[in-house]
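Quick note: the sequence shown uses our numbering, first residue 548, plus one each step.
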Amino acid sequence: ERVIKMKRYIHRNVNTPGRMDVAATESAKQGLLYMIAFLFTYTWSGISIFSQNSNISHSQADALYILTAVFLPLQGFWNFVAYIRPRFVSLRQGNEGLSFLSTLKMIILTEEGSESLRTQQRRR
(Lines of atoms letter the chains of each structure in order from A; the text may use other names.)
(Lines give C-alpha, C1' and ligand atoms only; values in the text may rest on other atoms or scores of the structure.)
Protein backbone atom coordinates (compact mmCIF):
# COMPACT_ATOMS: atom_id res chain seq x y z
CA GLU A 548 0.00 0.00 0.00
CA ARG A 549 2.87 2.44 0.72
CA VAL A 550 4.48 1.65 -2.60
CA ILE A 551 1.36 2.70 -4.50
CA LYS A 552 1.20 6.04 -2.68
CA MET A 553 4.86 6.66 -3.39
CA LYS A 554 4.40 5.94 -7.08
CA ARG A 555 1.56 8.44 -7.26
CA TYR A 556 3.65 11.09 -5.55
CA ILE A 557 6.61 10.55 -7.85
CA HIS A 558 4.34 10.52 -10.88
CA ARG A 559 2.80 13.89 -9.97
CA ASN A 560 6.16 15.39 -9.16
CA VAL A 561 7.67 14.39 -12.51
CA ASN A 562 4.90 16.10 -14.53
CA THR A 563 5.19 19.49 -12.86
CA PRO A 564 8.64 21.08 -12.82
CA GLY A 565 9.68 22.62 -9.55
CA ARG A 566 11.33 25.98 -9.02
CA MET A 567 14.78 24.38 -9.03
CA ASP A 568 14.10 22.70 -12.37
CA VAL A 569 12.92 25.96 -13.90
CA ALA A 570 15.94 27.82 -12.49
CA ALA A 571 18.29 25.16 -13.81
CA THR A 572 16.70 25.33 -17.27
CA GLU A 573 16.94 29.13 -17.33
CA SER A 574 20.59 28.99 -16.23
CA ALA A 575 21.33 26.51 -18.98
CA LYS A 576 19.68 28.81 -21.54
CA GLN A 577 21.78 31.75 -20.32
CA GLY A 578 24.97 29.75 -20.49
CA LEU A 579 24.08 28.58 -23.97
CA LEU A 580 23.44 32.16 -25.09
CA TYR A 581 26.85 33.30 -23.81
CA MET A 582 28.50 30.33 -25.52
CA ILE A 583 26.75 31.11 -28.82
CA ALA A 584 27.83 34.76 -28.49
CA PHE A 585 31.42 33.61 -28.05
CA LEU A 586 31.20 31.29 -31.05
CA PHE A 587 29.60 33.96 -33.28
CA THR A 588 32.41 36.31 -32.33
CA TYR A 589 35.51 34.15 -32.56
CA THR A 590 34.71 31.45 -35.12
CA TRP A 591 35.82 33.53 -38.09
CA SER A 592 39.04 34.75 -36.54
CA GLY A 593 39.83 31.17 -35.45
CA ILE A 594 39.28 29.86 -38.97
CA SER A 595 41.38 32.73 -40.30
CA ILE A 596 44.29 31.88 -37.99
CA PHE A 597 44.24 28.19 -38.87
CA SER A 598 43.88 28.88 -42.58
CA GLN A 599 47.00 31.08 -42.77
CA ASN A 600 49.19 28.00 -43.09
CA SER A 601 47.00 26.37 -45.72
CA ASN A 602 46.66 27.28 -49.35
CA ILE A 603 43.42 29.22 -49.55
CA SER A 604 42.57 31.62 -52.31
CA HIS A 605 42.81 35.37 -51.95
CA SER A 606 39.03 35.76 -52.18
CA GLN A 607 38.50 33.23 -49.38
CA ALA A 608 41.02 35.08 -47.20
CA ASP A 609 39.22 38.34 -47.92
CA ALA A 610 35.86 36.78 -47.01
CA LEU A 611 37.29 35.55 -43.68
CA TYR A 612 38.72 39.01 -43.04
CA ILE A 613 35.35 40.65 -43.68
CA LEU A 614 33.50 38.16 -41.49
CA THR A 615 36.02 38.73 -38.69
CA ALA A 616 35.71 42.50 -39.10
CA VAL A 617 31.90 42.28 -38.86
CA PHE A 618 31.49 39.80 -36.00
CA LEU A 619 34.39 40.72 -33.70
CA PRO A 620 32.99 44.17 -32.75
CA LEU A 621 29.55 42.60 -32.18
CA GLN A 622 30.73 40.67 -29.13
CA GLY A 623 29.46 43.38 -26.80
CA PHE A 624 26.08 43.39 -28.53
CA TRP A 625 25.68 39.60 -28.25
CA ASN A 626 26.65 39.70 -24.56
CA PHE A 627 24.16 42.55 -24.02
CA VAL A 628 21.38 40.50 -25.61
CA ALA A 629 22.21 37.51 -23.41
CA TYR A 630 22.47 39.72 -20.32
CA ILE A 631 19.08 41.44 -20.66
CA ARG A 632 17.16 38.34 -21.75
CA PRO A 633 16.01 37.25 -18.24
CA ARG A 634 14.65 40.73 -17.46
CA PHE A 635 13.05 40.95 -20.88
CA VAL A 636 11.27 37.61 -20.49
CA SER A 637 10.08 38.44 -16.96
CA LEU A 638 8.71 41.83 -17.96
CA ARG A 639 6.91 40.41 -20.99
CA GLN A 640 5.35 37.63 -18.90
CA GLY A 641 4.17 40.10 -16.29
CA ASN A 642 2.92 42.69 -18.80
CA GLU A 643 1.72 40.88 -21.91
CA GLY A 644 0.46 44.14 -23.42
CA LEU A 645 3.99 45.55 -23.76
CA SER A 646 5.48 45.58 -27.22
CA PHE A 647 9.00 44.39 -27.97
CA LEU A 648 10.37 47.92 -28.28
CA SER A 649 8.61 49.30 -25.20
CA THR A 650 9.92 46.41 -23.11
CA LEU A 651 13.43 46.99 -24.42
CA LYS A 652 13.14 50.72 -23.75
CA MET A 653 11.88 50.02 -20.24
CA ILE A 654 14.86 47.78 -19.47
CA ILE A 655 17.52 50.04 -20.95
CA LEU A 656 16.39 53.58 -20.21
CA THR A 657 14.41 53.50 -17.00
CA GLU A 658 14.79 52.10 -13.54
CA GLU A 659 11.12 51.16 -13.76
CA GLY A 660 12.05 47.99 -15.62
CA SER A 661 14.27 46.76 -12.82
CA GLU A 662 11.78 47.90 -10.14
CA SER A 663 8.82 46.10 -11.73
CA LEU A 664 10.99 43.01 -12.15
CA ARG A 665 11.87 43.07 -8.44
CA THR A 666 8.18 43.46 -7.58
CA GLN A 667 7.27 40.45 -9.74
CA GLN A 668 10.01 38.35 -8.17
CA ARG A 669 8.81 39.24 -4.64
CA ARG A 670 5.27 38.09 -5.53
CA ARG A 671 6.53 34.60 -6.42
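For each residue, glycine too, the CB sits at the ideal point set by N, CA and C.
**Study point:** Secondary structure of Ser637, DSSP reduced to three states
**Key:** helix
Review point. Can you tell me whether Ala570 is buried or exposed, with buried defined as 16 or more other CB within 10 angstroms of its CB?
Key: exposed
**Study point:** Nearest-angstrom Cα separation, counted from Gly641 out to Ser649
**Key:** Going from the Cα of Ser649 to the Cα of Gly641 covers about 14 Å.
Review point. Between the Cα of Trp625 and the Cα atoms of Pro564, Thr588 and Asp609, which residue gives the shortest distance?
Key: Thr588
Check your understanding: With burial defined as no fewer than 16 other Cβ atoms inside 10 Å of the residue's Cβ, what is the status of Met653: buried or exposed?
Key -> buried
Exercise for review: Indicate whether the contact test is met: 3 or more Cβ pairs, each with one atom in the region 603-612 and one in the region 628-638, closer than 8 Å.
Suggested key: no
Review point. Does the Cβ of Thr590 have 16 or more other Cβ atoms within 10 Å, making it buried, or fewer, making it exposed?
Key: exposed
Check your understanding: Expressed to the nearest angstrom, what Euclidean distance is found between the alpha-carbon atoms of Glu643 and Ser637?
Key -> 10 Å
Practice item. Could you please give the first and the last residue of the uninterrupted alpha helix (DSSP H) stretch that includes Ser592? Key: Arg566 to Ser598
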